[in-house]
Amino acid sequence: MKKLYYFPAFIISVMTFSACGGKKEESEEKKSSLGAFKEFAEKAEEMSKKEAVEPVSFQELKELLPSELAGIPRTEAEGESNGSMGFKISVAKGKYKEGDKSIDVDIMDLGGVGGFAVAGLAAWTLAESERETDTGYERTIKLDGHKGFEKYNNTDKAGELKLFLNERFLVSLEGDNLSMDEIKSAFRQINFSKLPKE
15 MKKLYYFPAF IISVMTFSAC GGKKEESEEK KSSLGAFKEF AEKAEEMSKK
65 EAVEPVSFQE LKELLPSELA GIPRTEAEGE SNGSMGFKIS VAKGKYKEGD
115 KSIDVDIMDL GGVGGFAVAG LAAWTLAESE RETDTGYERT IKLDGHKGFE
165 KYNNTDKAGE LKLFLNERFL VSLEGDNLSM DEIKSAFRQI NFSKLPKE
């Protein structure tokens with residue numbers, strides 16, 4: 015499944031104005047688009063001001079991975095911490111598989127990055143957008159109070175769920191031969207209450 019960490023389509027859409035309709039409609043649409051872009055820019059600026067903090071260890075993130083998700087046993091678990099040019103990131107990964115069903119979980123602490131880097135990695139949390147095709151959809155969401163992004167292919171029964179927790183943790187779940195409800199249920203089975211709030 016193709017990973018998607020960015021959602022740049024929104025930026026393009028808010029800068030694109032319709033050439034159809036009367037002058038009044040065109041003017042109102044421009045105002046609406048400019049307002050949306052202004053709001054996006056303000057949110058990005060606010061996020062960029064956050065200072066870097068020491069990320070939690072990958073061992074702590076790894077401990078969050080349960081032995082089973084959505085009735086599927088965990089087959090692998092790993093973690094690592096990386097630092098470069100003053101940026102520090104901790105990551106834990108879990109793989110769950112049984113038969114033709116599988117879930118991959120990534121938990122990343124971006125607290126050690128801070129500033130514009132976080133705003134770039136989680137740009138989709140600053141916007142609202144939705145797109146549908148003949149085979150599926152992708153859209154920004156809010157799940158249990160967390161901003162996120164979901165993508166689903168009805169033909170392949172493959173889904174992707176990304177959520178941004180506590181303004182620093184990027185959580186990604188990718189499921190095969192599972193419904194989106196099952197993927198969301200798997201997310202709720204992970205105890206994120208142990209993570210720092212900021």
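In the working numbering, the protein residues as written are 15 to 212.
Ideal Cβ placement from N, Cα and C applies to all residues, glycine included.
Tell me the residue span of the alpha helix (DSSP H) that contains residue i.
i: R153; result: Unbroken run through R153 is the beta strand (DSSP E), 150 to 157; no alpha helix (DSSP H).
i: E74; result: 72 to 77
Contact check, residue i vs residue j under 8 Å by CB: the rounded distance?
i: V105; j: P210; result: V105 to P210, Cβ: 16 Å. No contact.
i: F183; j: M122; result: 7 Å
i: I204; j: P80; result: 6 Å
i: S186; j: D120; result: 4 Å
i: K76; j: G93; result: 4 Å
With DSSP as the reference, label residue i as helix, strand or coil.
i: I204; result: coil
i: D123; result: strand
i: L209; result: coil
i: E181; result: coil
i: K171; result: coil
May I ask which residues mark the beginning and end of the beta strand (DSSP E) holding residue i?
i: K109; result: 101 to 112
i: K165; result: 160 to 167
i: G85; result: Segment: none, G85 is in no beta strand (DSSP E) and carries neither H nor E.
i: E144; result: 144 to 146
Tell me residue i's beta-bridge partners as DSSP assigns them.
i: V67; result: Partner(s): none; V67 has no beta bridge.
i: K176; result: F163, S186
i: N96; result: I103
i: I117; result: Y110, G189
i: A141; result: Partner(s): none; A141 has no beta bridge.
i: E90; result: K109
Quiz item: Taking one C-beta from the segment 168 to 183 and one from the segment 86 to 93 each time, how about it: are there three or more such pairs within less than 8 Å?
Solution: no
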